[in-house]
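Numbering (the numbering used here), first residue to last: 444 to 742.
Beta carbons: idealized from backbone N, C-alpha and C, even for Gly.
A quick note: this is a predicted structure, and the numbers were derived from the prediction, not measured.
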Ligand SMILES: [Zn+2]
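See the structure below:
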């Protein structure tokens, strides 16, 4: 597949907003990042200002469209709710941007957007059944089944991070206990390390400590990896994917996190579905946020 049409991607995150203006991941016109302003109106103004600047400066064909990836629930051309952004009630961001910029705008959940990016520009090209798991502070997922992005009845489908794995387990950000996210995410790793050692460390620091031989850090990562494996088994049994791709900051975690996950996925999945499924870190992992967003106008 691939494409040579110019598109603009915006990854709207709680701490930063990333922009990309590109023809493909190998042919990028410009990448740009700003800190996320505090209020909704400031965010909208910053988006319009930055996007206008991107479009005016370039002696390039008119973009096919703008894609915006948002952590949270989205509607058609709107953000319905985002826990980490000042969008607590539905806001028609897509319509606002279209009015201001005279280009088609697509709004998509960030995990779904990553899956779309993987299918248009990454290793999932030509695949009809695959899953992108975003392993970071939380765990998100984008699921393609039978060639279609799984959205569910109200658009909230494919929330693999909230598969309940351990009744009575650690409290999850969603309010339930024992979700995959509460057991295997970066937040889960930092919490488990603090409980085990009394020391405060980020997931990234725990990964560094494990690589240096810290036994407690290694055990925390191994246990989190086993839970990730249980989550993979659930997904493989339900969707029989051809591949699972990891993105997000934890996709850089040491092998001690991934080895038990892969072992569990290979050995415990139903029938033969775990044997030949490709499970690997996405080659686009570092930029899938903006690349996924930039792929949205091409879907
Ligand atoms: Zn949850």
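Assigned secondary structure, residue i (DSSP; H/G/I helix, E/B strand, else coil)
i, result
"residue 554", "helix"
"residue 516", "strand"
"residue 452", "strand"
"residue 645", "coil"
"residue 570", "coil"
"residue 577", "strand"
"residue 613", "coil"
"residue 592", "strand"
"residue 505", "coil"
Nearest to residue i (by Cα), restricted to the options the options
i, options, result
"residue 727", "691, 580 and 487", "691"
"residue 696", "668, 737, 681 and 719", "668"
"residue 545", "710, 657, 716 and 509", "509"
"residue 702", "536, 587, 721 and 672", "672"
"residue 486", "469, 454, 505 and 470", "454"
"residue 732", "665, 543, 497 and 476", "476"
"residue 722", "711, 704 and 729", "704"
"residue 497", "461, 556, 599 and 479", "461"
"residue 468", "740, 742 and 735", "735"
"residue 617", "525, 565 and 635", "525"
"residue 724", "566, 665 and 649", "566"
"residue 743", "655, 596 and 688", "Only positions 444 to 742 of the chain appear in the structure, and residue 743 is not among them; the question remains open."
"residue 458", "716, 580 and 574", "580"
"residue 713", "699, 683, 700 and 698", "683"
"residue 742", "719, 715 and 557", "557"
"residue 540", "503, 504 and 491", "491"
Cβ-heavy atom distance, residue i to ligand 1, below 7 Å
i, result
"residue 514", "no"
"residue 624", "yes"
"residue 611", "no"
"residue 395", "One cannot answer for residue 395 here, as it falls past the ends of the chain, which runs 444 to 742."
"residue 579", "no"
"residue 616", "yes"
"residue 568", "no"
"residue 596", "no"
"residue 619", "yes"
"residue 604", "yes"
Close Cβ partners of residue i (< 6 Å) along its chain, the five nearest in sequence each way excluded
i, result
"residue 474", "463"
"residue 647", "none"
"residue 630", "580"
CB contact flag (residue i, residue j, <8 Å)
i, j, result
"residue 517", "residue 551", "yes"
"residue 515", "residue 554", "no"
"residue 737", "residue 493", "no"
"residue 694", "residue 578", "yes"
"residue 636", "residue 660", "yes"
"residue 641", "residue 679", "no"
"residue 664", "residue 699", "yes"
Close-in-space but distant-in-sequence residues of the same chain around residue i (CB under 7 Å, 5 per side omitted)
i, result
"residue 614", "620 and 625"
"residue 483", "529, 530 and 534"
"residue 520", "535, 537, 538, 548 and 550"
"residue 582", "576, 603, 604, 623, 624, 627 and 628"
"residue 611", "620 and 621"
"residue 606", "622, 623, 674 and 677"
"residue 571", "587, 589 and 590"
Residue i: CB within 7 Å of a non-hydrogen atom of ligand 3
i, result
"residue 709", "Within the structure as shown, ligand 3 is missing, the only ligands being ligand 1."
Neighbourhood of residue i by C-beta distance below 8 Å, restricted to the same chain and skipping five residues each side
i, result
"residue 595", "601"
"residue 501", "464, 472 and 473"
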